[in-house]
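Q: Below is a structure I'd like to ask you about.
2 protein chains.
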Amino acid sequence: MRQGSHSPIGVFDSGVGGLTVLKALMARLPHESTVYLGDTARVPYGTKSGEVVTRYSLKNAEFLLERGIKLLVVACNTASAVALPALEAALPVPVVGVILPGARAALARTQGGGVGIIGTPGTIRSGAYQRALESADPRVRAKARACPLFVPLAEEGWTTGDVPLLVARDYLAEFTRDGVDTLVLGCTHYPLLKGVIAEVVGPQVALVDSAEATADAVAALLSERDGLAPASRGTPEHAYYVTDVPERFMEVGARFLGRPITAAEQVDLTF
Amino acid sequence: MRQGSHSPIGVFDSGVGGLTVLKALMARLPHESTVYLGDTARVPYGTKSGEVVTRYSLKNAEFLLERGIKLLVVACNTASAVALPALEAALPVPVVGVILPGARAALARTQGGGVGIIGTPGTIRSGAYQRALESADPRVRAKARACPLFVPLAEEGWTTGDVPLLVARDYLAEFTRDGVDTLVLGCTHYPLLKGVIAEVVGPQVALVDSAEATADAVAALLSERDGLAPASRGTPEHAYYVTDVPERFMEVGARFLGRPITAAEQVDLTF
Numbered sequence: 001m002r003q004g005s006h007s008p009i010g011v012f013d014s015g016v017g018g019l020t021v022l023k024a025l026m027a028r029l030p031h032e033s034t035v036y037l038g039d040t041a042r043v044p045y046g047t048k049s050g051e052v053v054t055r056y057s058l059k060n061a062e063f064l065l066e067r068g069i070k071l072l073v074v075a076c077n078t079a080s081a082v083a084l085p086a087l088e089a090a091l092p093v094p095v096v097g098v099i100l101p102g103a104r105a106a107l108a109r110t111q112g113g114g115v116g117i118i119g120t121p122g123t124i125r126s127g128a129y130q131r132a133l134e135s136a137d138p139r140v141r142a143k144a145r146a147c148p149l150f151v152p153l154a155e156e157g158w159t160t161g162d163v164p165l166l167v168a169r170d171y172l173a174e175f176t177r178d179g180v181d182t183l184v185l186g187c188t189h190y191p192l193l194k195g196v197i198a199e200v201v202g203p204q205v206a207l208v209d210s211a212e213a214t215a216d217a218v219a220a221l222l223s224e225r226d227g228l229a230p231a232s233r234g235t236p237e238h239a240y241y242v243t244d245v246p247e248r249f250m251e252v253g254a255r256f257l258g259r260p261i262t263a264a265e266q267v268d269l270t271f
Numbered sequence: 001m002r003q004g005s006h007s008p009i010g011v012f013d014s015g016v017g018g019l020t021v022l023k024a025l026m027a028r029l030p031h032e033s034t035v036y037l038g039d040t041a042r043v044p045y046g047t048k049s050g051e052v053v054t055r056y057s058l059k060n061a062e063f064l065l066e067r068g069i070k071l072l073v074v075a076c077n078t079a080s081a082v083a084l085p086a087l088e089a090a091l092p093v094p095v096v097g098v099i100l101p102g103a104r105a106a107l108a109r110t111q112g113g114g115v116g117i118i119g120t121p122g123t124i125r126s127g128a129y130q131r132a133l134e135s136a137d138p139r140v141r142a143k144a145r146a147c148p149l150f151v152p153l154a155e156e157g158w159t160t161g162d163v164p165l166l167v168a169r170d171y172l173a174e175f176t177r178d179g180v181d182t183l184v185l186g187c188t189h190y191p192l193l194k195g196v197i198a199e200v201v202g203p204q205v206a207l208v209d210s211a212e213a214t215a216d217a218v219a220a221l222l223s224e225r226d227g228l229a230p231a232s233r234g235t236p237e238h239a240y241y242v243t244d245v246p247e248r249f250m251e252v253g254a255r256f257l258g259r260p261i262t263a264a265e266q267v268d269l270t271f
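Note that the protein sequences, when read in sequence, are chains X and Z.
Per my numbering, residue 1 is the first one in the first sequence, and the count goes up by one each step.
Per my numbering, residue 1 is the first one in the second sequence, and the count goes up by one each step.
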């Protein structure tokens, strides 16, 4: 590890969604400082091509590296699904995505039934979750479905009531058949729609989101490499950067993070 | 006019929506060649800040200028609402947005009642339609409402059925009161939802979209400046550029344009 154990953990996402992963990281590793970048000027990634998402991801990583991070967490499922090999090849620090931890968490939950995966068109098209599940356990039956309207519904706060329920019914009907007993929420926005998703798939289907599993993976990796911040170091620092104006990020982000974001700096990244 | 009358008309939008404006232009001015740029790597503009949308708009315009355009049509309502002054100041060719033509078309339709405007958060927040209407006729009563879910619904093809109907009812209930007799569809995606919008506001409200009014404004401006392409020039050429991979643009775009798009070239614009 090039940077010291005192260096911050870098986290990027296309916008606010990745703050759910940051929240889990802060709870799991309370002594770590963090630097978060939300690429709000180019959000969303989920409907864009793998090529463009990879280009944006490399630029995001470069920005965070300049801030001296010791490890990069790709908190965006779409970027984790399509850009992880390019990021690992380009970066001198370890890179942790959300796909593999999420897939492992699902395998730990399923009782030999099928595992469903929902995500953005980019994530599902990539087949990354399906590959991660099947390479870990070739007997698993993975069933994936893109749910493109869930991100705008969550962003606009339409998380309860008839509209999200009807949309969820349309997307998720297939998961209530075929013996699926575990459903991966393969997008950081989807936990906000947990209520309607659970209502549609029923109590016999466990919902898995990768935020906590990813925080566990980061803790294990840092511990293994002797890279954990010492508890004696005092209060950790948390910095926030965005590529569009920060007001909406700070306002909506506080809901995702579960604590106020008192400052976020706008940066111009040339892509 | 710096370029000759044989030069193409440039048109840009954040994605496919502006093709409805291009379609009206092709019908109104069948001898004109055109160059269209869809900024699909950064779509949507409607939820981003005016600052970022202005930056993207200037880059789009620069790219089209390099292709020798004689006039620029800003086919995106959000970009027209926030970036027109910056574009006019920076460009050596005339710039036509969709707001003023749309506002004029609404004033021509209203019978002295109120005029409603629906658009993206960026368009409505800018107040551009409201200003255009009130400066043209101080007696007009303008009532504006952002409808952020309409773009993803139209993009995903959810244009009929219960979901768009429920969303439209939520957004548009206020326009069925207060004597609004004309409603401006202030986003190029919204004509795809005309059916549900009309069902909610009822037959006493006229729906106005700015595509045809914008084509008329372009025809008038070119004619006035002796810039119309001569009818004798032979078959006009139509070129398409996008900033993300072209496949989805060509497929979805054909629906918006009403004719096949046989080729679209991906370009990397550095923003």
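In this text, a Cβ means the ideal position worked out from N, Cα and C, and glycines have one as well.
These numbers come from a predicted model, not from an experiment.
List the residues of chain X that residue 42 of chain Z touches, going by C-beta distances under 8 Å, in chain order.
A: Start at 1 with the first residue of the second sequence, and residue 42 of chain Z comes out as number 42. Residues of chain X passing the Cβ test: 41, 42.
Q: So residue 49 of chain Z contacts chain X; which residues on that side make the cut at Cβ distance below 7 Å?
A: Within the second sequence, residue 49 of chain Z is the residue found at index 49, counting from 1. Correct list: 244, 245.
Q: How far does the beta strand (DSSP E) with residue 71 of chain X in it reach, from first residue to last?
A: What you label residue 71 of chain X is simply residue 71 of the first sequence in a count that begins at 1. It spans 71 to 74 - the beta strand (DSSP E) in which residue 71 of chain X sits, taken as one unbroken run.
Q: Looking only at its own chain, which residues have a Cβ that is under 7 Å from the Cβ of residue 219 of chain Z, when we skip the five neighbours before and after it?
A: Residue mapping note: residue 219 of chain Z aligns to position 219 of the second sequence, counting from 1. Taken in chain order, the residues that qualify are 28, 29.
Q: Quick one: Cα of residue 245 of chain Z to Cα of residue 59 of chain X, how far?
A: On the second sequence, position 245 is the one that residue 245 of chain Z refers to. On the first sequence, position 59 is the one that residue 59 of chain X refers to. Taking the straight line from one Cα to the other gives about 19 Å.
Q: Tell me, which residues are paired with residue 265 of chain X by DSSP?
A: Stepping through the first sequence from its first residue, residue 265 of chain X is reached at position 265. Answer by DSSP bridge pairing, in chain order: X:241.
Q: Could you tell me the boundaries of the beta strand (DSSP E) in which residue 125 of chain X lies?
A: Start at 1 with the first residue of the first sequence, and residue 125 of chain X comes out as number 125. Premise fails: residue 125 of chain X lies in the alpha helix (DSSP H), 121 to 126, not in any beta strand (DSSP E).
Q: In chain order, what residues of the segment 79 to 106 of chain Z put their CB closer than 8 Å to some CB of chain B?
A: Of the chains in the structure shown, none is chain B; the protein chains are X and Z.
Q: Does the contact criterion of 3 or more C-beta pairs under 8 Å hold for the segment 33 to 45 of chain Z versus the segment 233 to 251 of chain Z?
A: Touching, per the Cβ criterion.
Q: Under the criterion of a Cβ to heavy atom distance below 6 Å, does residue 45 of chain X qualify as lining the ligand ATP?
A: Only the bare structure without any ligand can be found here, which leaves the ligand ATP out of the picture.
Q: Between which two residues does the alpha helix (DSSP H) harbouring residue 82 of chain Z extend?
A: Taking the second sequence and counting its residues from 1, one reaches residue 82 of chain Z at position 82. From DSSP, the alpha helix (DSSP H) with residue 82 of chain Z extends over 77 to 90.
Q: Going by DSSP in three states, residue 16 of chain Z sits in which element: helix, strand or coil?
A: Numbered from its first residue, the second sequence carries residue 16 of chain Z at position 16. If DSSP states are grouped into helix, strand and coil, residue 16 of chain Z belongs with coil.
Q: Since residue 114 of chain X and residue 208 of chain X are thought to touch, with beta carbons under 8 Å apart, how far apart are those beta carbons, to the nearest angstrom?
A: Residue mapping note: residue 114 of chain X aligns to position 114 of the first sequence, counting from 1. Residue mapping note: residue 208 of chain X aligns to position 208 of the first sequence, counting from 1. 13 Å between Cβ atoms; not a contact.
Q: Is it buried or exposed for residue 70 of chain Z, if we count other Cβ within 10 angstroms and need 16 for buried?
A: Here residue 70 of chain Z refers to the residue found at position 70 when the second sequence is read from its first residue. That one is buried.
Q: Any idea if residue 161 of chain X is buried or exposed, counting beta-carbon neighbours within 10 angstroms, 16 or more meaning buried?
A: Numbered from its first residue, the first sequence carries residue 161 of chain X at position 161. Classification of residue 161 of chain X: exposed, given that the 10 Å Cβ count is below 16.
Q: Tell me the start and end of each unbroken beta strand (DSSP E) in the segment 92 to 169 of chain X that is at least 3 residues and wholly inside, in chain order.
A: Fully enclosed beta strand (DSSP E) runs of 3 or longer: 95 to 97, 114 to 119, 141 to 146.
Q: Would residue 5 of chain Z and residue 39 of chain Z be called neighbours here (beta carbons separated by less than 7 Å)?
A: The residue given as residue 5 of chain Z occupies position 5 in the second sequence. The residue given as residue 39 of chain Z occupies position 39 in the second sequence. It is not a contact, given that the beta carbons lie outside the stated cut-off.
Q: For the candidate residues Z:26, Z:16, Z:123, Z:184, whose alpha-carbon lies nearest to that of residue 43 of chain Z?
A: For the purposes of this step, residue 43 of chain Z is identified with residue 43 of the second sequence, where counting begins at 1. The residue with the shortest Cα to Cα distance from residue 43 of chain Z is Z:16.
Q: Under three-state DSSP, which class holds residue 183 of chain Z?
A: Along the second sequence, read from residue 1 onward, the residue named residue 183 of chain Z stands at position 183. The answer is strand: DSSP assigns residue 183 of chain Z an E or B state.
Q: For residue 162 of chain X, which residues in chain Z fall below 7 Å Cβ to Cβ?
A: Position 162 of the first sequence, counted from the first residue, corresponds to residue 162 of chain X. Simply 166.
Q: Is the Cβ of residue 196 of chain X closer than 7 Å to any Cβ of chain Z?
A: Locating residue 196 of chain X in the first sequence gives position 196, counting from the first residue. False, the Cβ-Cβ gap to chain Z never drops below 7 Å.
Q: Report the rounded CA-to-CA distance for residue 189 of chain X versus residue 119 of chain X, giving the unit in angstroms.
A: Position 189 of the first sequence holds residue 189 of chain X. Position 119 of the first sequence holds residue 119 of chain X. Cα to Cα, residue 189 of chain X sits roughly 9 Å from residue 119 of chain X.
Q: Among Z:12, Z:201, Z:89, Z:195, whose alpha-carbon lies nearest the alpha-carbon of residue 178 of chain Z?
A: In the second sequence, the residue the question calls residue 178 of chain Z occupies position 178. With distances taken between Cα atoms, residue 178 of chain Z lies closest to Z:201.
Q: Give the DSSP-derived three-state secondary structure of residue 38 of chain X in the structure shown.
A: For this step, residue 38 of chain X is matched to residue 38 along the first sequence. Residue 38 of chain X falls in the strand class under three-state DSSP.
Q: Shorter than 7 Å from the beta carbon of residue 270 of chain Z to some beta carbon of chain X?
A: Translated into positions along the second sequence, residue 270 of chain Z becomes position 270. So, interface residue.
Q: In terms of residue numbering, what span does the alpha helix (DSSP H) encompassing residue 196 of chain X cover?
A: Along the first sequence, read from residue 1 onward, the residue named residue 196 of chain X stands at position 196. Counting along the chain, the alpha helix (DSSP H) containing residue 196 of chain X begins and ends at 194 to 201.
Q: Mapping DSSP to helix, strand and coil, what is residue 206 of chain X?
A: Numbered from its first residue, the first sequence carries residue 206 of chain X at position 206. Looking at residue 206 of chain X - three-state DSSP - the assignment turns out to be strand.
Q: Just checking: is the beta-carbon of residue 149 of chain Z within a distance shorter than 7 Å of some beta-carbon in chain X?
A: Taking the first residue of the second sequence as position 1, residue 149 of chain Z is located at position 149. Chain X, which has a Cβ nearer than 7 Å to the Cβ of residue 149 of chain Z, makes this yes.
Q: Mind checking the segment 188 to 219 of chain X against chain Z and listing, in chain order, the residues whose C-beta falls within less than 8 Å of any C-beta there?
A: The residues in question: there are none.
Q: Excluding sequence positions up to five away, which residues of its chain have a Cβ less than 8 Å from the Cβ of residue 228 of chain Z?
A: Here residue 228 of chain Z corresponds to residue number 228 of the second sequence, with the count starting at 1. Taken in chain order, the residues that qualify are 5, 29, 31, 32, 219, 222.
Q: Give the DSSP-derived three-state secondary structure of residue 21 of chain X in the structure shown.
A: Against the first sequence, residue 21 of chain X aligns to sequence position 21. Looking at residue 21 of chain X - three-state DSSP - the assignment turns out to be helix.
Q: For a quick check, are the C-beta atoms of residue 101 of chain X and residue 210 of chain X less than 7 Å apart?
A: Stepping through the first sequence from its first residue, residue 101 of chain X is reached at position 101. Stepping through the first sequence from its first residue, residue 210 of chain X is reached at position 210. A contact, by the Cβ cut-off of 7 Å.
Q: Under three-state DSSP, which class holds residue 1 of chain Z?
A: Position 1 of the second sequence, counted from the first residue, corresponds to residue 1 of chain Z. Note on residue 1 of chain Z: pLDDT 44, under 50, position unreliable in the model; the coordinate value appears next. The answer is coil: DSSP assigns residue 1 of chain Z none of H, G, I, E or B.
Q: Do the segment 143 to 157 of chain X and the segment 125 to 142 of chain Z touch if we need at least three Cβ pairs shorter than 8 Å?
A: No, the segment 143 to 157 of chain X is not in contact with the segment 125 to 142 of chain Z.
Q: State the start and end residues of the unbroken alpha helix (DSSP H) segment that holds residue 32 of chain Z.
A: Here residue 32 of chain Z corresponds to residue number 32 of the second sequence, with the count starting at 1. First-last for residue 32 of chain Z: undefined, no H or E at that position.
Q: If you count every other CB in all the chains shown that lies within 10 Å of the CB of residue 122 of chain Z, and 16 or more means buried, which is it?
A: By one-based count along the second sequence, residue 122 of chain Z stands at place 122. Residue 122 of chain Z should be labelled buried.
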